[in-house]
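Residue numbers (my numbering): 9 to 548. Note that CB positions come from ideal geometry on N, CA and C, so glycine has one too. Just so we're clear, the structure is a prediction, and the values are computed from it rather than from any experiment. These notes are about the structure you will find just below.
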């Protein structure tokens, strides 16, 4: 058996609850024959506990004591908790004042293992909220968070020097320089965009002009990070309303170059949303872009791994996406998720006019419209949507943020959804602008956050009190440090790589399609006692 110290590959930070009879499997990306994988396992059990460790290549099994917390395979045991469905989420107001919030993002800025909440306020200074006490939610949620934006120098200005309103819009974070901390990108409607370099988790320095990604003043809606050429550095795509969308290639050292034209991503339309994901399962990240008055477009990543500096995207919309929605329907973002647990990313597109659309992926990147069959026909002036497993039943539910009334759809596990008014209670008139998610109190269930126009940001605390979960935060070494594009495939125990026993796919992203950013931690809530979890990093 090889010594783990001799292996040089990606690492994981894993937090698990010791409450399910499950197996967690790690293996090296894109090499099915090599199951040896270095893992950092944060153990809650005693140091004398024995874990099941085995080397598949040698067909060897045995109980081995974990040495220096490094193991190949992990087996852990006990129980599953039930939850009270009708009162699943408790509503809190994060702030005791009104604000016009366009986007919400989650990031661990100070590297203490706890995520902060970044709130983009278009009319006032932005907020960076840190939990005061994890797991202590009360009816006065505003007392649970402290604003640290000024401390970290990431408030951003409200007005230009000539007193023109800036109107910040979107936020996304990634470890741009691979130095171990998360850097931020803030888009603006009436000003150039801002790039905040994180200095050792202590303070941010604004360096957009030095980095070459200020983007001009083109009403930028969203900036999304992704390693488009798999060179280990995250690149930046910006959707603009007043000019072409832009792709900036990361050259290292916080230096970027505009490759929009040569990459095939020039556009005449008003872009307002973007999402990266591996749609055709070929190991690189494809791109979905939504537009204000134009049909959404899908761009296949055709970059040759042998020539990573020559980034190429091809518009395959006519072949991959059968979308007959009126171009005046006003796209307002999109979300990629494996809603049917078949191992590929499906596409949900938001519209402010006419119904939203759900497109099912056939595994090759080609989509068919299943909105009506899935029970998702609506017309509520949608701004954004997210998929997340709200109730620990193993499939992804859907929260839709609307200008009228928000809607929560429970995934029934058979390809259909139903409106569930019990989990969140009555929404009333929402006037929501965005929605995002994170396990902000680190209790193993996923909380939901909703922003609105001139109102407080709402924190829906998930009270599932789940003790049966595994939370994974991938950390790239050869791949990009933020592990954007990393995939987790879930199988029934003993059936690795058997499609008929696949329980679903979760892929790490850096945005939700309209300027927000959900947590990048992958939380698998284990309603099934025996499960195998295989993680793949982006193609190296």
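Top-ranked residue by Cα proximity to residue i, from the options
i: residue 440; options: 385, 433, 461; result: 461
i: residue 524; options: 117, 222, 229; result: 229
i: residue 375; options: 305, 415, 417, 197; result: 305
i: residue 386; options: 400, 361, 370, 377; result: 361
i: residue 252; options: 259, 123, 284, 274; result: 274
i: residue 152; options: 158, 165, 161, 137; result: 137
i: residue 158; options: 499, 471, 212, 232; result: 212
i: residue 254; options: 415, 260, 224; result: 224
i: residue 215; options: 191, 312, 390; result: 191
i: residue 481; options: 457, 464, 514; result: 514
i: residue 117; options: 209, 108, 298, 132; result: 209
i: residue 189; options: 135, 502, 483; result: 483
i: residue 425; options: 450, 411, 378, 409; result: 378
i: residue 287; options: 263, 231, 333, 352; result: 352
i: residue 139; options: 132, 465, 155; result: 155
i: residue 393; options: 402, 363, 342, 384; result: 342
i: residue 443; options: 408, 470, 435, 417; result: 408
i: residue 497; options: 289, 307, 269; result: 289
i: residue 564; options: 406, 402, 217; result: The requested residue 564 is not part of the displayed model; the chain covers only 9 to 548.
i: residue 450; options: 241, 470, 438; result: 470
i: residue 303; options: 202, 331, 413; result: 331
i: residue 389; options: 402, 367, 415; result: 415
i: residue 307; options: 315, 240, 329; result: 329
i: residue 521; options: 295, 218, 104, 317; result: 295
Euclidean distance between Cα positions of residue i and residue j
i: residue 119; j: residue 327; result: 43 Å
i: residue 468; j: residue 488; result: 32 Å
i: residue 180; j: residue 206; result: 13 Å
i: residue 495; j: residue 237; result: 17 Å
i: residue 195; j: residue 350; result: 35 Å
i: residue 222; j: residue 245; result: 12 Å
i: residue 243; j: residue 267; result: 10 Å
i: residue 490; j: residue 356; result: 24 Å
i: residue 476; j: residue 519; result: 27 Å
i: residue 369; j: residue 511; result: 16 Å
i: residue 163; j: residue 109; result: 14 Å
i: residue 261; j: residue 231; result: 19 Å
i: residue 358; j: residue 391; result: 7 Å
i: residue 309; j: residue 333; result: 25 Å
i: residue 249; j: residue 226; result: 6 Å
i: residue 284; j: residue 435; result: 30 Å
i: residue 269; j: residue 161; result: 34 Å
i: residue 259; j: residue 201; result: 19 Å
i: residue 401; j: residue 459; result: 26 Å
Close beta carbons around residue i, own chain, < 7 Å, minus the five adjacent residues each side
i: residue 149; result: Interpretation of residue 149 is limited by its pLDDT of 47, a score under 50 that renders its predicted location unreliable; the figure taken from the coordinates is listed afterwards. Excluding positions up to five away in sequence, the list reads 100, 101, 102, 467.
i: residue 299; result: 277, 278, 279, 280, 339
Contacting residues, own chain, Cβ-Cβ under 6 Å from residue i (five flanking each side not counted)
i: residue 348; result: 423
i: residue 345; result: 395, 404
i: residue 528; result: 516
i: residue 463; result: 106
i: residue 311; result: 237, 319, 320
i: residue 185; result: 262
i: residue 111; result: 128, 178, 179, 442, 523, 524
i: residue 282; result: 230, 232, 245, 247, 297
i: residue 183; result: 190, 489, 490
i: residue 203; result: 193, 215, 216, 219, 221
Short Cβ contact (8 Å threshold) for residue i with residue j
i: residue 340; j: residue 280; result: yes
i: residue 234; j: residue 492; result: yes
i: residue 114; j: residue 127; result: no
i: residue 531; j: residue 486; result: no
i: residue 256; j: residue 220; result: yes
i: residue 96; j: residue 420; result: no
i: residue 418; j: residue 410; result: no
Status (buried if at least 16 other CB within 10 Å, exposed otherwise) for residue i
i: residue 365; result: buried
i: residue 372; result: exposed
i: residue 199; result: buried
i: residue 381; result: exposed
i: residue 178; result: buried
i: residue 84; result: Because the pLDDT of residue 84 is 32, which lies under 50, any placement of that residue in the model is unreliable, and the question is left without a value.
i: residue 337; result: buried
i: residue 313; result: exposed
i: residue 322; result: exposed
Any non-hydrogen atom of the ligand GDP closer than 7 Å to residue i Cβ
i: residue 248; result: In the structure shown, the ligand GDP is absent, as is every other ligand, since no ligand is present at all.
Contacts around residue i, its chain only, beta-carbon distance under 8 Å, and the 5 residues preceding and following it disregarded
i: residue 93; result: Because the pLDDT of residue 93 is 45, which lies under 50, any placement of that residue in the model is unreliable, and the number read from its coordinates should be weighed accordingly. So the list reads 399, 430, 431, once near-sequence residues are dropped.
i: residue 446; result: 114, 123, 125, 454, 455, 457, 526, 527, 529
i: residue 503; result: 509, 540
i: residue 166; result: 131, 132, 133, 173, 174
i: residue 316; result: 237, 238, 239
Residue i at chain B interface by Cβ criterion, 8 Å
i: residue 135; result: Going by chain labels, chain B is absent from the structure shown, which holds only one protein chain.
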